[in-house]
Structure formats: C-alpha cells, structure tokens
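Chains as they are written, first to last, in the numbering used here: chain E, 12 to 136; chain W, 5 to 481; chain L, 32 to 473.
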Amino acid sequence: MNTPKEFLYSKSHEWAKKLDDGSVLVGLSDKAQNDLGDLVFVNLPAVGDSFSAGDTMCDVESVKAVSDVYAPVSGTVAEVNEMLLDTPEAINKEPYEAWLVKLTDVSGLEDLLDADAYIAVCEEE
Amino acid sequence: MKLIFESGASGRGCSVLPECDVPVFSLPESMRREKAPNLPQLSENDISRHYTALAGRTHGVNNGFYPLGSCTMKYNPKINEEMAALPGFSSIHPLQPEHTVQGAMEVLYQTEKALCEITGMDGMTFQPAAGAHGEFTGLLLIKAYHKHRGDSKRTKIIVPDSAHGTNPASAAMAGFTVVSIPSQEDGCVDLEKLRAAVGEDTAGLMLTNPNTVGLFDKNILEITKIVHDAGGLNYYDGANLNAVMGISRPGDMGFDVVHLNLHKTFSTPHGGGGPGSGPVGCKALLADFLPGPVVKEEQGQYRFHTPEHSIGRVKSFYGNFAVVVKALTYILTLGAEGIREASQNAVLNANYMMKKLCDLYTMAYDERCMHEFVMSLEPLKKETGISAMDIAKGLLDNGIHPPTMYFPLIVHEALMVEPTETESKETLDEAIEVFRSLYETAKTDPQALHDAPHHTPVRRLDEVGAARNPKLRYSFE
Amino acid sequence: MGSYVPSTPAQRREMLEAVGCSSMEELFGHLPQQVLLDRPLDLPRGLSELEVRRAMEKTAARNTVFSTVFRGAGAYRHYIPAIVKQVVSKEEFVTAYTPYQAEISQGVLQSIFEYQTMICELTGMEVSNASVYDGATAAAEAVAMCRDRKRTKALISAAAHPDLIQTVKTYCEGSNTPVEIIPAKDGKTDLDALSAMLDDSVCCVLIQQPNYFGQLENADQAGVIAHEAGAKYIMSCNPISLGMLKTPAESGADIAVGEGQPLGLSLSFGGPYLGFMACTNALVRKIPGRIVGETTDVDGKRAYVLTLQAREQHIRREKASSNICSNQALCALTASVYLAAMGTKGLQQAAEQSFAKAHYFAAEMAKIPGCELRFSGEFFHEFVASCPDVPKVMAALEAQGILGGLPLGGELSGCVLWCATEQNSKEEIDRAIAVIKEVCGA
C-alpha cells in the first residue's frame, strides 16, 4: 500500500493535498483503488457544487459495484478532472496523480489524518 | 461467429410483399430520411442458419439444469405456447369493441380470480410487464392510499438489506425514501430494528417470504402487525411464491399488496430476459386505486372499468396479455392440487440438494430451507482461493447453468440454488455429483477452475474493457 | 390432473427420508400454524392437456378475429414473414433467462447487440438499449433520463397517444415531476404554444411522430424550439414509418423511443409488445435497462457481454435511475428477425405501401358525403375523418368481418381514426368504402 507522506487522508479513504493557492485537490487513496478494483467510470460533481466534510461528493464505478466518494473536507468545487471521464483507469494506475476535484473555500483540513495515522486506521480494518 | 451484418450481399433479400396495388403517393422530400438504414441483406436460408447458430450458443431450460436462485427456472410447458398462439388470442386488436373480445376479457377475469385465491387478495391489475414494474405499481397504490386519506407525512418505505435491488429502486421511483434495515444473523427480519424503524412517516414495508435467503420468516405475522400498527402497509414481493402456493397465502400473512412474476411461478418462459408479466394483487382497501381498466363481470358479460381513484396507467392497453394466457393455461392444467404439489416438490428438491451438499459446502443458513438455499463459498475461498465465480464457471463446463452468484449481498461468496419442482431426482443427483467433484477439484487442481470454462463457445470475458470502452453497436465503416 | 413434476411417489418418499421428513406436511412443519392454509385452494381440479386445449379454444372462440383491420391507434397489423415466428419459437431463445452467464449466452447477447445496431440504424441515434416494456413506458423512462436538479418539468404533446400520456403522467407522479400538456392545433402539436410554455424549469419536450392522429409533426422545428430553451428533445416514433420518414436523429432528437410492435409482433390484445429506446452518446450513462457491448474473451475471441451495469438497480439500488430488470428480450429478437427478413428495401416497401394505401383510402373516403378529413396536414398511415353515423358504420363493417377505425371521443366525437397498412389490399379498401357508402346513403 502506497501512502505518500505529503498527502492528508480521510477515514473513508480519500486523499487531500493543499496547493499553494489554498485550494485542495481530492482523490482516492491507493488502498481505496485497490479495494475497488478496476474502475470503469467516474461520476464527477458539477463545478460550483458545495459540500460539507463527509457529504457524498461523487461516485466511482467498477464492473459490478458503485462506491460513493465522500468530501474529506468542506469546500466548493472549482474544477473537476474531466480526463478521468475517458480514462478512469488512471485512478488505478496513479491514484495520487488522478485527482477527482479541486475544492476552494476549504475548511476542515486539520481534521484529516497524516500518512502514519491513516496507515494505522487501515491496519485496524 | 459472424454478425448478421457481416454476411449477405447487396441486392439479396427475402421476397415478402407484393407490388403496391394502389396509386403511389408522394411525400415531400423534406420529410423523407436522407440515408436509408443499413439492414441485413440476406436470403431466408441465411437468416434461418444465422439464428440457428445463435440458438446453439444459448443455454435455456430446455438445454439443461438451470438452478438460478430467485428466478424459478422451471420447465415451460409447450401447451402454454400453443394456446397463446391461437388466432383467437394472438390476432385480436387491443381496441376491438368489448363484445368482440369477451374471450380475452374472460382470460383476464379468470386469471385474476385464480391468482387472488392463490395469494389471498381481492383485486388485481395485469398491466405491469415484469416484477419490477409490478413493484412500482404496488408502491404507487400505497402512496395513493395514504394520500387519499390525507396522510401526507408517510414518505418512507422500509426494505431489508437482503432485498433484491429492484425493491429500493422501485421505492425511489415511486418517490419514497428508502429505509434499509439490517437482517438478523439468521437472515430474517430483526423485530427490534423494525420496531425502531417504523413510525408516523412509514408508508410501508417491502418483503419476500420466503425471504431472499430461502427461509420462511416465522415472525411474519408479528412483522406485518408492527407495520400495520404504525399505520403502514405491507408489500409482498412475489419472487419467491413458488415455495408456498396452496400452503400459505401472502394475504393471510398480513400483506396488503403483492406482485407476482408469471414468468417465474406460473411457468411462462423468460425469453432471454422477457417478456414477463408482473400482475399486482391487492386487498379491497387498495382496489379503488388500481390502474385502469380492470375487467368486471355483469350477468355473464365482461366489461372494462376504471377504478374510481385509479393511479392511472403504467403501460399501454392491458399488459402482456399473451403471457397471461400462458399462465392461465398452466393454472387450469395443474388445478388446486397440482399447484400445491408444485410448491411441495420445489421445496423438497431444494432441501434434498442442500442435504446432499451440506457436508462439503458451507450452507449460509443451516436449517430447513424453502424452495432455494444459499451456500457461502467464503471458507472454500480462504482455503483454496476458489470463489463462487470459479465454481460457477466450472459448472458451465458440465452443462449446468450456475446458481445465482453474489446474491443476496448479505452472504459473502454466495451461490443461491433453486432447483424447482420440474427437475427429476436423477437430474438432482447428477448435479449433486458435479458440485461435489468441483469441490474436489478446488482442492486438488484449483488452477483448472480459475481457468474454467474450457468448453464453452467463448471463455471468460474482458468485462472491464467492455465497460471502459463501450462498443454498443456494429460499425459499418 | 396435469403435472410437470417428474419425481415418482417412490422417489419423493426417498427424498423426504433423506431430509428427515416422513411426509410433505412435515416438510412445512416449521411454518407457523396461523399462516398455513387450512383448506384446499378454491380452484377447479387439474385437467389433462386435451381438456385444457378444449377449454382454452372455447374461450378463444369467444373473440372475433377480423379478417380485415382498419384500426391502428397504437397497435398495427403488418404482415409478419413466416421466418419470424419460426426463429423466435426456438426453445433456446424462449427458455433462457437474462444472459448473466455470458459464456453460455452468446446467442442471446449477440442477438441483442444486433438489435441495438438495427435500432440505431432505424432511428439514426448513436446508442440503443436492449428494450423496455412498451412504447408508453419507453417515453416515461426517456422523461426520467432528462430530469435533473434544476430542470424538472416535462412537456408532452397532446397529440401523443393517450396511453403514452397517461403512463408518463403516472411515472411522473411517482417521481414528483410536473407534467404539462402542449395543446394541439389542427391535429398537430401547437408550436407557438410550446414556445410560450418553455422556461428554464423544463427538462424535456416530447412529441410523437407520426402523432396519434396520424399527422406528421413539424419535428425539426419542435426540436429547435426545445433546444433553444435548453430542454432535451424526445421523439416517440413509429418504427415502420422510419422506412421512409426523416429519422429522429435528423430532426435533432436527443432521445428516440417508440412502440416496436409493428416490427413483426402480433396484436395479441395489446401485449407483449416492445419499447425501443435510443439516444445520443452524451446520454449513454443515463439510458436505463440492459445494454450489450462487444469485448473479447481470454483467448482474444470476439464476444458480447452485458455492460455499463453500474447504472442498474442491482448495483445502484435506490440510486438507480430506473428499476427495470426484465425487459422484452424475445420481442426485441422478433423485431430483429423481422428487420432482417424485410431488409432495407422491404422495410421501405412496408412504409411506402402503408402510406400509399392510407392515402388511397382517405381519398376514397373523402368522396363520401359527410366523411371529411378532419385535419389538413400531411399524414403517414392513419387519418381522422368525420362520419355521419359512427355506430352504424362500425356495425355494418363488423358484419362484413371488417374492423373499422377507432371511434374518437371528446372534441373529436363523431370522428373516426382510420389506419391502413400494406396488409390491406385495394380490394379490401374498396369493399370497406362500399359498406360505408351504403350506410351513409351515398
């Protein structure tokens, strides 16, 4: 399981990465993509949608399952990674490159887990 | 093999229609299609061979044992097909005057009476074309009932977590919020959780009994009473009625509305995925809300009637009529005793198979089952790496259609086996031997099962590729 | 008594013993007493096959099979080539379940893939599903595809089939989607009224082509109006008419649906029929029901499989856009075989001949005093005409074994909706005209 130190994590297996301009990229952790298996589609939210931490933000589909993706922090969708609509497999291949959404007006980053804490959570599961 | 578009030749075709015997009329060019459709150009012989080849690559009940749990793949009697094809049924227009279709109306009327007797209901509509369509219709009846009483706060439908996906999907389509309640360890409804879930916002409960794990919920009267006491209604999903016909009736268990799957319980064929028929029966308190028209009888004459507070149509005309003809033929053939006998033997066959397999396979629920039983391949998978999917694929090489896989969701690595009553002991014994030998293979040569099937027209498919890059039609370029 | 249970009494005893029961009653001994039915079902005794045949034939004989039919109104009597019934009677197709196990279901899967291709060819659309219940439910499902958080209202043409309108309304009542009816003017959708009804709450506009009265709508224009207001455009089409008429794709439709019954399905008192649905690529994730896709197996062989399943109820449960599970697969196969037998040329012939015969019929009828065409627009194979004495004309036709057109009510009381197809010979039409003339005293 690949869990880079420079990312923050939620218990529901999303990662978040703060950019210099204060916005936050959100994606799925390596453990999440591994558990979900080969992804075949991503339903992205609309730009402008606002979420509170823990809200269902979008979902990802494998052949035989659909899984909700939760907002790890509160914020507003500034951008979605439309490339994933054609290449959902990028999430399987490069989970930490394949961001789903970019959020602005973010709050709640401090409630996320660092890599070590996240690894501990995963080991308990 | 070739697609139908890949054979044939330009200019070839069947000679079907004569020359036009009236003057040609012209349509303005602006209303005509610009490009003619690319349809096959084949001789009748070409067409016949193409579909014969396709039939050869299809496994039906007629090809072999088909113990697909929750689908009731019983034998489809041939007389049913012949009766539905009688010109008196197949060549009548749905909008003929009533006095010219008294026979067709009699079919609907008689079938309604018989199915109401079997289910303990008072009224019925045949409009729904399939089980899910019936669920939607039944839930709209519940919605209309509460609305009619001015009780607008009943917005929730309770569905056990073991339910088929159509149940929550139908409830959502009918505008309800779905409340999912976890099942007990024995797969039955948890009475305490149900009590905690019901309230002033409960519109109703959706349930099968026997439930989705093949067990008869012994608390059924208590369950339906909890919902009634809270002011809700009880919906019976008839997917599993084949276990209890002539033995126990949903209407006597406390259910207010049921849908039946004529294509499961009443022997009409599945046709590769349809057409089915999902009639909805209800107690008198809901009959005024049924979709119209329904058939009434007055002094030996049948007439159509639209109930006073009808929810409106859910389909054109009167539903899948020809399917109803087949079901009536079946009911007349079996009669009161035969219908009961069918359910008895469905349950006997399932219990027999379960008994003969339970020393090797892990049964999800180790007690008397009804018409189907669920095995969990989880222990075998832990030991050998062989999953429910692998066993299923192994069955394909033995000419047996696999059981339902990975359902219900509450059992891991589930295989749900429903033999039905129309299989002989010999067939069951052979299938039991196949299951047992696959179990041995799992232990001795797991790779052989991972690679299965070996002898089918095609082998395991790239489903991920199919979904990532959908190719959904033939491209002529 | 008829029975399809093969096990003998001795075998049943043996099996009961194996499961530890001494009788069938004991097998059900774990059911609570209170829910056991304590009497036999109140149904007749079972019958032998010959007795059943006699009983059902007697019931069937109470129906009148008209040798000549001039009634359509949503169910059409076209010629069905012999090959169609032979193919769809093959036991493998009839008795298979939904093709979940792709390895042993390639026949059904390939036939659906071919069907999807034919529907795309007919409609000009990019994607087709594997079928839904009928034309009315296809329309209702199409409306559901268009609804989103901001746009919730559906506009349906008053000139669509009444069963379609009612079915859409019932479905929309379930999902709390407001439905408004676009009025008709001179037998066609009133496009000025449509323009006035559109706003940014409208998710879709649905028209039927040819419409319920047989009239050809100005479909291109309706599409332009819908799209200008940001609404999706749904067309419900008669598939035979697509042998000659402009396709929904050419008219700008986002979704094409229709009643597939004319494609080789018998009238059968209204069912089973076939709902076809096709859409643009942009809407592929929204189209409900099963879809077959092409893929390969582990050996690289071309193969077919149910795909995009994560849209469906068995995976998405209450979040699925539709609950559809069983569809009308055998009816879709029927349509495919019909289209294969007719071919491009045959389908065009069926369309052109239905069109020509309806126009001949209408022209002859208009010569009868009191029988005037009600609408002025171009029509396909149905038309509305007034009739001096509807019940008398219908009775006189019936006496000759002819099912006349459908008497209309409401504003069109005193009018009849007539239909002709390639099945109606000139001789039949002339005979009907003669009967009507006689009744009307002309």
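Just so you know, even glycine gets a beta-carbon here, dropped at the ideal spot from N, CA and C.
Kindly indicate which residue of the options has the alpha-carbon position closest to the one of residue i.
i, options, result
"L/Leu-81", "W/Ile-83, W/Thr-62, W/Ser-74, W/Glu-38", "W/Ile-83"
"W/Ile-315", "L/Ala-106, L/Ile-265, L/Val-199", "L/Val-199"
"W/Val-217", "W/Glu-481, W/Asn-66, W/Phe-140, W/Ala-354", "W/Ala-354"
"E/Ala-89", "E/Asn-103, E/Ala-128, E/Trp-110, E/Leu-50", "E/Trp-110"
"L/Arg-405", "L/Cys-446, L/Pro-40, L/Ala-426, L/Val-470", "L/Cys-446"
"E/Lys-16", "E/Ile-130, E/Glu-135, E/Ala-126, E/Glu-134", "E/Ala-126"
"W/Pro-41", "L/Ala-280, L/Ser-79, L/Gln-132", "L/Ala-280"
"W/Cys-24", "L/Ile-460, L/Ser-456, L/Ala-366, L/Glu-145", "L/Ser-456"
"W/Ser-252", "L/Cys-362, L/Val-255, L/Glu-56", "L/Glu-56"
"L/Gly-261", "L/Glu-248, L/Ser-232, L/Glu-459", "L/Ser-232"
"W/Asp-260", "W/Gly-208, W/Gly-278, W/Glu-301, W/Pro-407", "W/Gly-208"
"E/Glu-121", "E/Lys-29, E/Val-53, E/Ala-76", "E/Lys-29"
"L/Lys-89", "W/Arg-344, W/Thr-333, W/Ser-19, W/Cys-373", "W/Thr-333"
"W/Gly-60", "L/Pro-71, L/Val-118, L/Ala-393, L/Lys-317", "L/Val-118"
"E/Ala-64", "E/Leu-36, E/Ser-21, E/Val-51, E/Leu-39", "E/Ser-21"
"L/Thr-338", "L/Arg-316, L/Lys-350, L/Asn-358", "L/Arg-316"
"L/Val-50", "W/Asp-205, W/Tyr-443, W/Ser-19, W/Leu-352", "W/Leu-352"
Using 8 Å as the threshold, is the C-beta distance between residue i and residue j below it?
i, j, result
"W/Glu-467", "E/Val-74", "yes"
"W/Leu-419", "W/Ala-435", "no"
"W/Glu-422", "W/Thr-76", "yes"
"W/Ile-161", "W/Ala-148", "no"
"W/Leu-225", "L/Gln-64", "no"
"W/Gly-127", "W/Gly-258", "no"
"L/Leu-78", "W/Leu-266", "no"
"W/Arg-463", "L/Asp-330", "yes"
"W/Met-379", "W/Met-393", "no"
"L/Ala-451", "L/Ile-460", "yes"
"L/Ile-213", "L/Leu-225", "yes"
By the criterion of Cβ-Cβ separation under 7 Å, what are the contact partners of residue i in chain W?
i, result
"E/Asp-49", "Val-468"
"E/Val-74", "Glu-467, Val-468, Ala-471"
"L/Pro-112", "Cys-18, Val-20"
Where residue i and residue j are concerned, what is the direct C-alpha to C-alpha distance, given to the nearest angstrom?
i, j, result
"W/Thr-104", "L/Met-149", "36 Å"
"W/Ala-201", "W/Pro-186", "11 Å"
"L/Pro-293", "L/Ala-189", "22 Å"
"E/Pro-106", "E/Glu-25", "10 Å"
"L/Thr-327", "L/Ser-136", "14 Å"
"W/Gly-276", "W/His-63", "9 Å"
"L/Gln-246", "L/Ser-272", "12 Å"
"E/Ser-61", "E/Gly-119", "14 Å"
"W/Pro-383", "W/Gly-191", "19 Å"
"L/Gln-380", "L/Tyr-369", "13 Å"
"L/Arg-221", "L/Leu-439", "Residue 221 of chain L is actually Asp in this sequence, not Arg. If you take the alpha carbons of L/Asp-221 and L/Leu-439, they lie about 20 Å apart."
"L/Ile-143", "W/Pro-297", "33 Å"
Show which residues of chain L have a CB atom less than 8 Å away from the CB atom of residue i.
i, result
"W/His-97", "Phe-97, Val-100, Arg-102, Ala-106, Arg-108, Leu-298, Phe-300, Leu-434"
"E/Val-37", "Here the premise fails: no neighbours, minimum Cβ distance about 21 Å."
"E/Phe-18", "In chain order: nothing, as chain L lies at least about 27 Å away."
"W/Ala-134", "Tyr-164, Ile-355, Cys-356, Ser-357, Asn-358"
What residues from chain E crowd round residue i, counting only those whose CB sits closer than 8 Å?
i, result
"L/Gln-340", "Val-74, Lys-75"
What in chain L is Cβ-close to residue i, meaning under 7 Å?
i, result
"W/Glu-425", "Val-36"
So which residues of chain E does residue i contact, with C-beta pairs closer than 7 Å?
i, result
"L/Ile-322", "Within 7 Å Cβ-Cβ: nothing; L/Ile-322 doesn't reach chain E, min ~13 Å."
Taking residue i as the query, report the chain W residues whose CB atoms sit under 9 Å from its CB, ordered along the chain.
i, result
"E/Phe-52", "Ala-471, Arg-472"
Note down, in chain order, every chain W residue with its Cβ under 8 Å from the Cβ of residue i.
i, result
"L/Ile-346", "Gly-169"
"L/Asp-73", "Glu-121, Ala-340"
"L/Val-83", "Ile-83, Met-87, Thr-333, Leu-336, Thr-337"
Can you give me, in chain order, the residues of the segment 135 to 148 of chain L that have a beta carbon less than 9 Å from any beta carbon in chain W?
-> Ile-135, Ser-136, Gln-137, Gly-138, Val-139, Leu-140, Gln-141, Ser-142, Ile-143, Phe-144, Glu-145, Gln-147, Thr-148
Identify each residue in the segment 91 to 115 of chain E for which the Cβ-Cβ distance to at least one residue of chain L is less than 7 Å, and report them in chain order.
-> none
Chain L contacts from the segment 51 to 77 of chain W (Cβ-Cβ distance under 9 Å) = Ile-51, Ser-52, His-54, Tyr-55, Thr-56, Ala-57, Leu-58, Ala-59, Gly-60, Arg-61, Thr-62, His-63, Gly-64, Val-65, Asn-66, Asn-67, Tyr-70, Leu-72, Cys-75, Met-77
The segment 335 to 348 of chain W: which residues have C-beta closer than 8 Å to a C-beta of chain L, in chain order?
-> Ile-335, Leu-336, Thr-337, Leu-338, Gly-339, Ala-340, Glu-341, Gly-342, Ile-343, Arg-344, Glu-345, Ala-346, Gln-348
Taking any Cβ of chain L, which residues in the segment 82 to 106 of chain W have a Cβ under 7 Å from it, in chain order?
-> Ile-83, Met-87, Leu-90, Pro-91, Gly-92, Phe-93, Ser-94, Ser-95, Ile-96, His-97, Pro-98, Leu-99, Gln-100, Thr-104, Val-105, Gln-106
Name, going along the chain, the residues of the segment 134 to 159 of chain W whose beta-carbon falls closer than 7 Å to a beta-carbon of chain L.
-> Ala-134, Gly-135, Ala-136, His-137, Glu-139, Phe-140, Leu-144
Mind listing which residues of the segment 306 to 333 of chain W have their C-beta closer than 7 Å to chain L's C-betas, in chain order?
-> Ile-315, Gly-316, Arg-317, Val-318, Lys-319, Ser-320, Phe-321, Tyr-322, Gly-323, Asn-324, Phe-325, Ala-326, Val-327, Thr-333
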